[in-house]
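Numbering (the numbering used here), first residue to last: 17 to 141.
Heads up, the beta-carbon is just placed ideally off N, CA and C, and yes, glycines get one too.
Below is one structure, written out as structure tokens; comments come after it.
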Amino acid sequence: MTLHFLAGYVLGEHGKQSARLAAQSRAPGSASSEALYDVEDRIDRLILIMAAMWDLLKEQGLTEQDLQERIAQLDQADGTADGKFTAQGTVCRACGAKVGPGLVACQFCGVEVGAAAAPGVFDGV
Ligand SMILES: [Zn+2]
17 MTLHFLAGYV
27 LGEHGKQSAR
37 LAAQSRAPGS
47 ASSEALYDVE
57 DRIDRLILIM
67 AAMWDLLKEQ
77 GLTEQDLQER
87 IAQLDQADGT
97 ADGKFTAQGT
107 VCRACGAKVG
117 PGLVACQFCG
127 VEVGAAAAPG
137 VFDGV
């Protein structure tokens, strides 16, 4: 049941994106058609990752209530309880500019804002 909840949580937004891309698709092989397949692949990978993570967590004794409470916390952590987790950037210590999430250096002055993260399970998703 929880996996379906999580899948629905992900598919809620990605499902909208997929529908939008499908509506824009004019012909097989078009750029938007290929983007739709990419989104579907990403969703399938996310569902697989979520299923594996949830299996591991249940083995450690966590419950669905634990999971739903953490989802609510993470949802709120980006400043808006909107059912989405939006990656946050950081602030450049040299110039004070907001540096986008995923960047290792300030896009304005080039100062490194953090070490490159080690490869993670969500890379490429
Ligand atoms: Zn900077």
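DSSP places residue 55 within a helical segment (H, G or I) once states are collapsed to three.
Cβ atoms of residue 103 and residue 117 come within 8 Å of each other, at about 4 Å. The Cβ atoms of residue 114 and residue 120 lie no closer than 9 Å to each other. Between the C-alpha atoms of residue 92 and residue 53 there is a straight-line separation of about 31 Å. For residue 84, the uninterrupted alpha helix (DSSP H) run begins and ends at 80–93, by DSSP. About 14 Å separates the beta carbon of residue 101 from that of residue 83, a gap too long to meet the 8 Å contact definition. The three-state secondary structure of residue 100, taken from DSSP, is coil.
Around the Cβ of residue 125, a 10 Å sphere holds fewer than 16 other Cβ atoms; the residue is exposed. Of the other Cβ atoms in all chains shown, fewer than 16 fall within 10 Å of the Cβ of residue 111; this residue is therefore exposed.
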